[in-house]
Structures are given as structure tokens and as C-alpha cells.
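Trainee: Protein chains in written order, with this note's numbering: chain A, 66 to 469; chain B, 66 to 469; chain C, 13 to 386; chain D, 13 to 386. Take this structure, written in C-alpha cells, and hold onto it; I'll ask about it next.
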Amino acid sequence: MADKPSAAELKDYAEQADAWFKENTVRDPGFMLPLTFMEVSTDQQFDFLRDWQRKVYEAGYLGASWPKEYGGGGLHSEYQRAATRAMKKYDAPIMLNAIGNGWAGPLILDLGSEEQKQKYIKGMLNAEDIWCQGFSEPDNGSDLGNAQLRAVKDGDEYVLNGSKIWTSLGDRAKYMILLARTDFEAENKYKGLSFFLNPMQVDGISTSRIKKLTGEYGFVQTFFSDARISADCLFGGEGNGWSMAMKTLEYERGAKVKPVGGFFVKELDVMEIVELAKNSVRNGKPLLDDPVMRDKMTQYMIDIQALNLNNTRRRMPQLMQDKPMGLPLMNKLARTELIRELTEFSLGFQGTKAGYYVGDENAIDDGYWHRSYLNSFSATIGGGTSEIQRNIVAEHALGLPKTR
Amino acid sequence: MADKPSAAELKDYAEQADAWFKENTVRDPGFMLPLTFMEVSTDQQFDFLRDWQRKVYEAGYLGASWPKEYGGGGLHSEYQRAATRAMKKYDAPIMLNAIGNGWAGPLILDLGSEEQKQKYIKGMLNAEDIWCQGFSEPDNGSDLGNAQLRAVKDGDEYVLNGSKIWTSLGDRAKYMILLARTDFEAENKYKGLSFFLNPMQVDGISTSRIKKLTGEYGFVQTFFSDARISADCLFGGEGNGWSMAMKTLEYERGAKVKPVGGFFVKELDVMEIVELAKNSVRNGKPLLDDPVMRDKMTQYMIDIQALNLNNTRRRMPQLMQDKPMGLPLMNKLARTELIRELTEFSLGFQGTKAGYYVGDENAIDDGYWHRSYLNSFSATIGGGTSEIQRNIVAEHALGLPKTR
Amino acid sequence: MDNLGTIGTTEEQIELMDVATNFCRDKSPVEKVRSLIDDDLGYDPDIWREIGELGWLAIAIPEAHDGVGLSMAEVVPIAEQMGRNLMSNPFGSTTLAAQALLAGGSEAQQAAWLPKIAAGAAATLALREDNGDWDLSNIDASGVESGGTVTLSGKKQLVLWADSAELIIASVKIDGAVRFALIERSALPEGALRRETVIDETARSYEVTLDGVTLSADALFDAGRTRETLEKIELAAGLLHAAEMTGGAQSVIDYTLEYLKTRKQFGKIIGSYQALKHPTVNNYVEYEKARTHLYSAANSWGEQGRGEVAVRMAAAQSHSSYSTSADRAIQFHGGFGFTHDCDAQLHRRKAILSGALIGDAAYQRSKLANLLFD
Amino acid sequence: MDNLGTIGTTEEQIELMDVATNFCRDKSPVEKVRSLIDDDLGYDPDIWREIGELGWLAIAIPEAHDGVGLSMAEVVPIAEQMGRNLMSNPFGSTTLAAQALLAGGSEAQQAAWLPKIAAGAAATLALREDNGDWDLSNIDASGVESGGTVTLSGKKQLVLWADSAELIIASVKIDGAVRFALIERSALPEGALRRETVIDETARSYEVTLDGVTLSADALFDAGRTRETLEKIELAAGLLHAAEMTGGAQSVIDYTLEYLKTRKQFGKIIGSYQALKHPTVNNYVEYEKARTHLYSAANSWGEQGRGEVAVRMAAAQSHSSYSTSADRAIQFHGGFGFTHDCDAQLHRRKAILSGALIGDAAYQRSKLANLLFD
């Protein structure tokens, strides 16, 4: 455990980080940068973000607080937080290798063997090894526990058959964290699941790109037909797949393992929409002179401010006595629904120009708002739909009975 | 079956009716008149409405198209419709005996014996015999089919034990249409139910008034303890209670039996709220100069106009091809929820005066709007909550599966 | 209020509803709609010819000009069924051009163009500009008149189906006043049309550069007719798009219902979950309101005052209903809803374009408020 | 935007939160709340005395005037818990009167009254009038000054707890300018107070007739302090009511949850139906937003600019959250919800009164918009 830095040490580091990101952050490479790792569509975007992650890592501002022996910086997590603040400050691009750094990495650091740590950690930090996630299946979008992809032990290998879907970067990944069914007779659906660190470059594993409602690509469906992987890929032991998967979700919520740094999803900058509103004209008058728009915009400001302050309040136990799970569990629901509403609302600022889309020279902000609205569904649907989220809040924060 | 009147005959009658209601309609007796038969609170209100119904009946404008031999006017239903139009035109008070004329009457005329028709119809038309409804029970508010009030046959009597709730006019009624359980071993909950025309002035039947959230009275709970009624009160035969109850609901929707005439519920006159809005001042300016209020008010006008036009469209088969049950089934849901929203919205017109309630000289419109808002829940809850209504529309108009 | 619309239908309207219901369903299955997305023209010329032969373009054109002599009321069920089946073609733009000619065109101009349109020629309107304003009188494109000819300049945006239109009626400012110019597409210089990328992939829209276009002064509408022409166009467009959006709302709700009735999660048909069921009921209720307003608008069309109130109510309600139903359709289809293969996005995108063209629900309400409360 | 509030707490605030949580829960069970509805005074004098002894009325009063020397930030958790337990008494009106004295009172006026208030004397403000306006500078009650005495006339409405207050601070117009007058209730003529029927049955409100009330000219606040006094009152009232409404929202949601967890229909606990479960989650989310804004407002209280933004956000969010949660609470309790015995209506009525007193969510937003966008 690295020592807590002195204020002076931290200040120095923070200033270095600030200077570095000030100098190195490219905000407009001349093409649209993805707001989330789920929106990487073109080779251009992929290559740019991969290079960017490596560059940040090599500068020491990614994985700074992960163990030195596996490729991290070995520093106290305060350092990494300072670096991440600098990235935010300069609106730096996202970190590409989200599943690796945010999900697989923490799991391996927490429960992996020495060999596994040696083998996987550095490659995910420098973005050499891209990771993807194989939880959802076409027939079990919301019902992860019901995963049906079959993994049958055969000697020192597992034979995989089935399909996974919504795999971000699946066509570019070297590894997949895979939830598969090893036991079809288990007493309940969860106990039959096992968790694998699955190599993607294997015969019998193929991917096909999924065209999103935005017209872009970003997800793939992955097909497994008699794909053979080494039994060493099993992680956490047979039958423990569900608990491993749940752990990755905890890490994602920031539990236990030190933060890898950076961010995988760019939060919509509210002020952007205020700017759009301020610069929009409706029937010859500034949009924000229209009291109906003002009123709605004000309500959104109230919502946005509340969600931003919630992130601080979550760390204030004195204000988290009653229903302590409420704020953490509602965050995804509230934030993703707000962004959907807000981006949809922004279309109403654009008058006839709302008819244009990404790619037309007449489109306002190059169609950013239309695209953001359509993309917003990836967050209200992915990672548990808003409907599922409401069940979770109701059952785990409010103590209401399950819906059968 | 009475003959269809000629245009001339109808015109004469309509003119007479118009003249009569023009002359006889009292709109402001000096106290607040109930908007629905569920809101009759004081003796003053009750006596006034009872007299009014008798007067209308005796003038021949209520039950005009019900059979002459039982006390009706024996005319074609076009006549009654003309009379009802006149009542609406002059904003006449409601007809008090709703359960009698709207529910029990049609049932008896449709399926009752000669004796029953002789015994009951005239008394309900002239409001001599007030009727009430005993379907809901304290523990089965929404689940009517689960009624538990026990009716045990004993010789030529039934012995009743249990309780009914939300009985409008229950403390003033001579008869109750009662849904009771005669068979606790029936194969399903519905088959165990029977339907009674139950006399209220019987030993062992007592009522207690329920104070509404408005602070007023209007409903009672009725208690039955070893109350004995004649077996002749059974209607439709043992085990047919559910289908009898369902029939009363159909009649209420205007099926089969000729319209008795008048109305039991006064529809909120939209223009009243527009007037309130027009006359309201907010921060020194007319409320309707406030574009936010204008915008909301406009949306309500769109909603109100749609629901009013729906009543016409329902009778236009050419516009009811797709999902024919949709409009009829959604009407209660849409209308009652709209009235709740609209009356709540009206509180926002009143500035600091919204703090006052019925009875204060400073209250706007004597607190009419606050009272209407609070009372609006009787319609979003009573007769099947809005949540139940959504199930009904989903399952019977849209063909979605039942929620278990 | 005496300016609220009433509801009613005409026999012809209902007959056309029956014909259009079958025709649009048969000729525009969704596979066809999707194949046309990648087609330059954007519609099937044979079907377009059939539409002409059916006389649908002639419905609201007077018999004197070889039309059927009915009104926009009878056009409504056709537009509704086209919207319901995502059938995209110059029907709407052509109908609006004919309405513009009827409102603003001289006898000669009408005689020159209405029979052609009635016989199946496509036409369109060029009204919108870079200011994005829904107030169509706020324009910068201009014309200079001298010696009997007019020279135009400026750009018009969101000109639907311009490449298919034989006639483009453009609004331009001449001596500070808005005028309408009849432009034959064939008279446009090379490169005057730029295909635009619009949010609705089933539509075809063009930016039209007027620079250097010259025409004879008698290709202009009379200056005195500008105001009523603008009003007529706005109302006709509102009614037409309300019809399309209402049909679209019906179809996206049915599409969602189909999924809710068949898709299983957690071992249950998802349509049995009230989280999906009840919002769908709410959307259905809003759709029925929209359809009621639509046929009230059709019925009140042409009545002074009432017509505009009814049309704007229909436009506002259909836009909000279509938008919300399509938004929920995406959400309720879960992962599939996020794919381009799910039809929900086709509807969501179409609703956005329609709102952009005629003014969204909030805009319609702001206009309505003036009619209702002032 | 640099005028957005931040969130934080003080130790004293949290200590008071713990004390108030227990005190209000123990002293204000709902049976007691209901028995007080029929009580003329409207609160339990012994508990009021205890509140004085606890020093709660002294919290935001400077030590120089025998106060604790903290700020409104520390009053917030108390008001929140009172709202949560529907505990009704002159705490709020007295606190606001003290804030008014601090903003507008002379040293002598503060010295005369703040120690009394700190020691437990009730006070109130008389600001509202028949015009119903939320703009407190729009008043007609007036005073005429001559020879060192002021003669008042006019009526003030919605004066909370006037019959219990030793001091009534009334706004009146003198020579066309809004002034504040310190009126000892004992100095009011017979019949000057009329108890009003307000929507919240747990509150006590009076109409105060000022006609014939005369007082010495030094019972007026300095004319130069009027503006800041009005602003201070509006903000303090906004914060206080936001706290009450936030506590009320928490409590009506918990009350609903309790019912949803125990009531059965169709053989199932009704809380398992998503039709009730999901809207309750939405209401809960809105409540948590309100509470976050509340403690941001408390924390930002006193910061120029930020303070008002944070307070109005808290007021807007708590009013809409409380109103909606209570409205749904009535609905979700079914038939019982429609009865006076169900506590949901107590909350719904209280939310209406609070909105009437400080300005509802829409009003707060309209004020906010100016602070945020202009």
C-alpha cells in the first residue's frame, strides 16, 4: 500500500499532470470523437483513442496507482485522482479499453493469480490488448443470469457454442470476459454459470458488426461454434460465474480496487446545451427569450445540478443515513434518462434545421444533438434497462417486493 | 317498441323540453350543488336533488322512453335524448338516483320479472326509492370478484354477514344492489357470487358515514350482521352474481336498455377553467399573459377537445375499425385523469390565495377548485382505479397478456 | 369558444381510406421501405405512376382543372396510410404545391400546372432557409425584376423531392415583399440541387441554389395573394403531416405491441409487465386523441377560424404522440431497439423531420394559444 | 455558471439533525397531529416550551442577542424533521420574524425583540394581501406618519400563528414606499384577528385588520433596509419551506411504501405491481434530488448569488416532489386514500399551502431562469 502523499507532493504531481494534459490533449482531431467506448465506430476513431490511451499511460497518468510489478505506477490513489481531474479539466478524450481497465483489470488484481496479473494487466493499460465483454445474449438481453452459451469441458479445454451480443469493440478485442453455462443441471440458473478470460483469436469465434440506430457501428455480435479454449481461461472456478460477473459490476461502481484513472464515458457537459439554447434563435428571437423554453431549461438545470451534487453527497455519510443504497442505485437510472430527455429536448431548439442529420453541412453542431439523442438509448437500455433499474431501486433501496 | 318520431314531432317535444328547463332549472340554490351523485353531503343537497329529480320525472323528461306500464313515458328514445340535451344546455343539476336509474333499473327492465318491474321502476324514477350499490369491500377495493360478504340461505331467507364500503347515499337508500358470496366452495371466486336487490331498512344492517379527504361526507360503510332478507331478493339466480354485476357495468356504458335520461355526473366545464385562467392575475399580469401557463393551458384544451370529440367519434363506425374497444375502454381513464390534472393545475393560478379552502371568504370561487381537485380522486380511484383501467385497456383493447 | 372543430367524415373520404389502407399496406412492406433507403430516387417509380393513375394527386384539384374536385379532407386518409406504412414519395410535396397554386396562382398558372399535377406530375415547395425559422415569411432568398424577367438568388433548404419535381414553387423576396415563383426544375442550372442528409432516411430532400435562375415575371404569383398563400400552405402542410404522423403513431404502437406480445424475458411475455404495458396504454390513448383531432381537422378544413384551430391541434397532438410512441418503442425493444434493424428508429426519425418541417408541438401550441385565448 | 450552489454540512447541523429526528418523531405522532387539527391553538404549548428550552428559536440569532450565533443552515434539519412529522407550530414564523429583524431592524429593535425570541417568544410576519401576489412589494395596506406616530390601515392575509405571536412584523406602504412595522399583538384592537380556513388543517392562519392600529414611528424598520429585508425574508422562507416540504416528501413516500408492502389485492402484495412500484421509484428519485438541493441551499446560504439560486432550486424541487408524491400517495392508497383518515391528504394539503406561501415550483423556476440565463 503506497503512502498517502503530502500536500506538497500531490501539488507537484497535480501541476505536472495539469501541464501535460494542457499540452497534449487534442479536443478536435478533425473527426467526431466518441463520447463513450460503446460508440467507437471507425478505424480512425479506434486508432486515435488507442494511441491516446497509450500516450496517457506512458506519461504515467493511467494506472498510476496500480501495482508497479504488473505495469502500474505504484503510487497512492490520490495521485491518479489528481491526474483524472486534469483530464476532466481539459476535456480529454475517453480511455478506450474500458472493459479491460474498468472490469477485467480490477477483477484480476483482486482475485487473479500471479501469472494472470503478469499476463494481462500491462497490456490492458497500454491498450495493446483490447478487452470486450460477453455477458448479454440475443435471447436474454435483460436476464443475464439466464445466459445459455454452452461451455463443455473436454480434457484441458473448453468447447464453446452459442452467441453473445452488444459486445463493444468485440471485433477489435484480444480478450473477452465471458459468462458461459458449464452446468445445465445446476439447482438454479445462476449456479450453472462460469466466468472465462476468453481469447478472441480462436478458430470458431467470429463476429459480425451491428449497425446502430444512429447509422454507425460500435457493437458486434460474437458467434461461438465449437471454439476450443484452454481450461486455464476459466476464472474463479466452475459455477462461480455469476458472482464473478457481479464483482465486475461492483468494481465498475468503484468498489475495492484502486481507480485505474481516466473515464470511459464522457458526461454530457450541461453547459453545452445551455450554450446551444443561448445561441439558438426561434422565430427571430433568442430561444431563451421564449419563457416556455426557459422554464423547461430551468427544470433541466435543477435536475442536472441535483445529479452532480449527488456525486458529492454519496460520500457524505451524514446525509446518507436513510436508505443508504438509494443514491448509488438510482444514479444510472436518473442520469441516463435525463440525458435522453435533454438531448431530445435540444432538437426543439433547432427549428427547421432539426431536419438535418450528421453529415449535412447545414446540420447544427454537425448533428451532434441528434446523434447524442439516438445514442442516449445505449445507456437507458444497456447495462440493465431503465425498467430493470427501477426494479433494482424499488427492491434494494426501498424494500418493495420482487415483481414475479 | 315506440315508433321513431317524425322530425316535426321531435322538434315540438324538444322545444317544449327546452322551454321547461329554461324556466325550471335552478343553477344556484344558494349552496354548492354536488357535481356527482357521489358528492351528496348535506341534507340540504339531498333534499334539493331529490325534489329536482321528481320534478323532472313528473314533467315527463326523465324515463320518457322507459315502458309506460312501469312508470316510464313509453316514448321513443329520441325524445329522451332531446330532453337530456335541454338539461345539458341549461346546465341542470344532476339526477340523484344514479344507482337506481343507471344500474338497477336497466338490469330489472332487461332481466327482471313482471313483479319486480312493477315494484321497483316507478319508485326509482320519481326518486321516492333511493338506490345504492354494494360491490366494494374494505379488503377488496379493486378485486370485486373476491367479495367476501356472506349470504347463507336459511329457509326462505338469506342471512347476511359482512361489510360493504364506498356506498354512495348508503345512509339514505331504500335498496342496495348487493354482490354477496353464497358459495365458498365454488370452483372459482366468481362462481361463488350472487346478486341481490337488498332492502336497507332491515335489522342488522347499519351504516357509518365516511369522512372524505375533502372534509365532507358522501360515502358510507355498510355493516351486515345476521341481517335477514327474503330469498325473493336474489336476482339472476345463485352463482350468477358476477355476470349480473358485469351487466350493470354494461348498462352504465349505455348498452342495450334505452337511456333513462339526465346525467349523474356533471362534466367539468372546461370553459370554467379558461375563465378562471383569464380572470387570474399573476405578479400583476393576467395569468394567460404568462406563456408557460398559456402553453400548459393549450395542451389541456387539446386534451379536453379530444375527449369531447371522442364521444362523437365513438358513434362513427367508420372511424372505429381498428381496436374498436379502445375508445370506449379508455374514456374513464383519460377523462378522470385529465380532470385531476386540470383541477390541480388550477391551483397554480391562484398565487397566495391557493392557501385558502372551502369556507373562507378569501378563497377563490369559494374553494371550488381545491375541492374539485381533492374530489377528482373519487373518479381516478372509484369504479376501478386508473391502474386497473390501464390493465383493462391493455388486455381488452390492445390484446396484451394479463399481469399475474 | 366557437372556434373549436367538429368531427365528421365524407363518403369519399371513407372509400379512399379503404383503398389507401390496402394499397399502402401491399405496396410498402417494410423490406421495401428499407431497400428504398439506399435508393437514390427514394421511391418506386412504378408505384408512383399507379398513385397518379389512382387519381390521388387530383383529389383536391377542382374539376375545371381535370381534378376530382374534392378537398384536403379526402387527402387525409391517404397521407395517414402512407405514414402508417412509411411509404415515402412526392405525394405530399405535390399536393402542397397544388394547394399553393390554388391559393396564389393566376387562372393561367393554375391552368398550366394543375392538370399536369392531376395527371401525375410531381411538384414541390421551396420555402425554408438557413435561419431555421418556422415563420415562412422570414426569408432572404430574393428576386430582382426588370423588364419582364426576374433573376433569383439565394438558397432554399429542405426542399423535398426536388429532383423528381417538374415544378418547384419557391418563396423569394422581391422589393422587400414575399413572392412565390414558379420554377421548372428543367430550368435550374447544373448543380443547383444538392441532396441533403436529413434525419429521416426514407425522405429525399435537397438544397436548392437559386443563383442565376431567371424567369418571366408572369411566373410569379400575384403579390396580393402572398398572405393567403402562406396561410394555406401552412395549414395544408400541418394537416398533411398530422395525417402522416398519426398513421405513423398507430403503426409504431402496433409494432411495439407485436414485440410485447411475443418477446420473453425472465420466462414471461414482457407485455405482461406493467412497466411496459401501462406506458404503452398511455401512448395508445395519446394516439387516439391524435386521430380524433386529425378527422376533426379534416372535417373543419376550410372553415374560417375553426380550420386553423383544428389543424394545429391535430399537428401538435400527432407530433407529440408520434414522437413519444416512437421513443418508447426504441426503449421497449431493448437491445434490438438500439439497432438500425428495428423499425422504431425509422419512425422516431420521421417524427423529427415532420416536426422540423411544420413546427413541433410546442410551436403549434404557441400559435394555438393566440387563437384560443386572445 | 459560477452561481451554482455546493453541498456540505456543519457539525452543529448534523447534531441538530439527530436531536430533531428523535424529538419530532417522539413528540409528534400522527394521532397527536390529528387531535391538534381540532384544537384552536393548533399546537401543544408544553412542546412549544420545550422547543424554546432546546434553544431552537435562538439558533440563527447572534450571541450578542442571547442567540446561539449559528445560521439558517442549522435551522434546516429542524424544519425538515418538523415537516417530516407534520409537527405544526410557530417555529417557522418566529424564525422568519427573527431573520426579518436581523435584516431590517435597528440595533434597538433587535435588542428589544431578538432576546425574547431567543428565549421562546413566538412571532410572525404579515406580508400577503388580497391581490394574491407572490411579489411581496405589491401591497396596499398602508400607514400614515405624523408627529412621531404611525396610523395603519388595510388587511393582511395568511398571517401564520398570529394569535400566538407576541410580535407581528407587517409590511405597509408609507408615502408610497414599502416599510416594515413592528406590531405587538397585545396592541391590536378587539377583533383585528380573524381565523382563516386554510387548505392545511394543521396550520393556523389569520387575517389581520390593521385599521386603527397606531404605533410609534420608531417601531418601523429604516426605509433604506426595505429591499434587503424583503430579499432576506423571501430567501429564508424559501429555505425553511423547502426543508419542511423535503421532510414531508420523505414521510409521505415512506407512508406509501408501508402500504405497498402490506396491502394485498388479487392475492398479491400490491407493492409488487410495477404500476405502483415504478412511479414510487420515480417519486423517490425526485425526493432525493430535493434533499440534495436542500443541503446545497443550506450550505450556500449567505453566499451572494449562489444562495438565491440554491434556495430557489431547493424550493422548486421540494414543492414539485412533495406535491407529486402526496398526489400519488392518495391514488396508491385506493379507496382508503380518498378518506380523511389517510395521512396522504394531510401532506397533499400541506404542500398546497407551502406553495401558496412562498410561490410554487413554476414561480421559483421563473425567478431562477433570470438568475441562470440572463
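Don't be surprised by glycine CBs; every beta carbon is placed ideally from N, CA and C.
Specify the secondary structure class of Y365 (chain B) as computed by DSSP and reduced to three states.
Mentor: Correct three-state label for Y365 (chain B): helix.
Trainee: Would I429 (chain A) pass as a contact of A419 (chain A) if the rule is Cβ separation under 9 Å?
Mentor: Yes; because the gap between Cβ atoms is below 9 Å, this pair is in contact.
Trainee: Do S284 (chain D) and K218 (chain A) have their CB atoms nearer than 9 Å?
Mentor: No. Outside cutoff.
Trainee: Could you give the first and the last residue of the continuous beta strand (DSSP E) run that contains A245 (chain A)?
Mentor: Taken as a continuous stretch (DSSP letters only), the beta strand (DSSP E) holding A245 (chain A) covers 240-246.
Trainee: Should T336 (chain D) be labelled buried (16 or more other beta-carbon atoms within 10 Å of its own) or exposed?
Mentor: T336 (chain D) comes out buried.
Trainee: Over what stretch of residues does the beta strand (DSSP E) that includes T226 (chain D) continue unbroken?
Mentor: Looking at the DSSP string, the run of the beta strand (DSSP E) that includes T226 (chain D) is 226-228.
Trainee: Just list the residues that DSSP pairs S217 (chain C) with in beta bridges.
Mentor: Paired residues: C:L172.
Trainee: For a contact defined as C-beta to C-beta under 8 Å, what are the partners of Y285 (chain D) on chain C?
Mentor: Residues of chain C passing the Cβ test: Q286.
Trainee: Thinking C-beta only, is G235 (chain A) closer than 9 Å to T272 (chain A)?
Mentor: Their beta carbons are under 9 Å apart, which means T272 (chain A) touches G235 (chain A) by this criterion.
Trainee: Is the Cβ of P356 (chain B) closer than 9 Å to any Cβ of chain A?
Mentor: Yes - at least one Cβ of chain A is within 9 Å of the one on P356 (chain B).
Trainee: So, does the CB of D204 (chain A) fall closer than 9 Å to a CB anywhere in chain B?
Mentor: D204 (chain A) does not count as touching chain B.
Trainee: Looking at the strands, I want to know which residues DSSP matches up with L205 (chain D).
Mentor: Beta-bridge pairing links L205 (chain D) to D:V220.
Trainee: Within 9 Å (strictly less), CB to CB, does D175 (chain A) reach chain B?
Mentor: Closer than 9 Å: no.
Trainee: Using a cut-off of 7 Å between C-beta atoms, extract the partners of I350 (chain D) located in chain B.
Mentor: Looking at the sequence itself, residue 350 (chain D) is Phe, so the reference to Ile does not match. Near F350 (chain D) (Cβ distances below 7 Å), the residues of chain B are K277, L278, F442, S443, I446.
Trainee: State yes or no: is the beta carbon of S217 (chain D) nearer than 9 Å to at least one beta carbon in chain A?
Mentor: Chain A, which has no Cβ nearer than 9 Å to the Cβ of S217 (chain D), makes this no.
Trainee: Where are the alpha helix (DSSP H) runs, 4 residues long or more, that stay fully inside the segment 313-384 of chain C, in chain order?
Mentor: Segments of the alpha helix (DSSP H) lying fully in the segment 313-384 of chain C: 318-344, 346-349, 356-370.
Trainee: Let's see if you can read the secondary structure: which residues bound the beta strand (DSSP E) around P203 (chain B)?
Mentor: Careful: P203 (chain B) lies outside any beta strand (DSSP E) and carries neither H nor E.
Trainee: Round the Cβ separation of K331 (chain A) and I195 (chain A) to the nearest angstrom and send it over; I've been treating them as touching at under 8 Å.
Mentor: Going by Cβ atoms, the distance from K331 (chain A) to I195 (chain A) rounds to 19 Å, so no, they are not a contact pair.
Trainee: Counting only Cβ-Cβ distances shorter than 7 Å, please list the residues of the segment 18-30 of chain D near chain A, keeping chain order.
Mentor: So the close ones are I19, T21, I26.
Trainee: D368 (chain B) versus chain A: which residues are under 8 Å apart at the beta carbon?
Mentor: What D368 (chain B) touches in chain A: nothing, since even the nearest Cβ is about 17 Å away.
Trainee: Mapping the DSSP letters down to three states, classify P351 (chain B) as helix, strand or coil.
Mentor: Correct three-state label for P351 (chain B): strand.
Trainee: Please confirm whether D208 (chain A) has its beta-carbon closer than 9 Å to some beta-carbon of chain B.
Mentor: So no, D208 (chain A) is outside the interface.
Trainee: A73 (chain A) to E80 (chain A), Cα distance in whole Å?
Mentor: Looking at the two C-alpha atoms, the distance is approximately 11 Å.
Trainee: Would the beta-carbon of T283 (chain A) fall within 9 Å of that of K277 (chain A)?
Mentor: It is worth fixing the name first, because residue 283 (chain A) is Gly in this sequence and not Thr. Cβ distance < 9 Å, so G283 (chain A) and K277 (chain A) count as in contact.
Trainee: Answer yes or no: does any C-beta atom of chain B fall closer than 9 Å to that of N150 (chain C)?
Mentor: By this cut-off, N150 (chain C) is not an interface position.
Trainee: Rounded to whole angstroms, what is the Cα-Cα separation between P389 (chain B) and A462 (chain B)?
Mentor: Between P389 (chain B) and A462 (chain B), the C-alpha separation is close to 7 Å.
Trainee: State yes or no: is the C-beta of R237 (chain C) nearer than 8 Å to some heavy atom of the ligand ATP?
Mentor: You won't find the ligand ATP in this model; it holds no ligand whatsoever.
Trainee: Measuring only between beta-carbons, confirm whether N456 (chain A) sits less than 9 Å from chain C.
Mentor: Chain C contact via Cβ: present.
Trainee: Write down the C-beta distance between Y334 (chain C) and G260 (chain C) rounded to the nearest angstrom, noting that I regard them as a contact closer than 8 Å.
Mentor: Rounded, the Cβ-Cβ distance is 5 Å, consistent with contact.
Trainee: Compute the distance between the beta-carbons of S332 (chain D) and E300 (chain D), then report whether it is under 9 Å.
Mentor: Contact flag unset, no.
Trainee: For A134 (chain D) versus E196 (chain D), is the C-beta spacing smaller than 9 Å?
Mentor: No, Cβ-Cβ distance for A134 (chain D) and E196 (chain D) is not below 9 Å.
Trainee: Would the beta-carbon of S83 (chain D) fall within 9 Å of that of A70 (chain D)?
Mentor: It is not a contact, given that the beta carbons lie outside the stated cut-off.
Trainee: Among C:E62, C:P89, C:E65, which has the Cα closest to the Cα of R303 (chain C)?
Mentor: Measuring from the Cα of R303 (chain C), the nearest candidate turns out to be C:P89.
Trainee: With a cut-off of 9 Å, does the C-beta of D360 (chain B) fall near any C-beta of chain A?
Mentor: Chain A, which has a Cβ nearer than 9 Å to the Cβ of D360 (chain B), makes this yes.
Trainee: Alpha carbon to alpha carbon, how far is L394 (chain A) from E179 (chain A)? Give it in angstroms, no decimals.
Mentor: Taking the straight line from one Cα to the other gives about 33 Å.
Trainee: For T408 (chain B), write down the residues that DSSP places opposite it in a beta bridge.
Mentor: Looking at the DSSP assignment, T408 (chain B) forms no beta bridge with any residue, so it has no partner.
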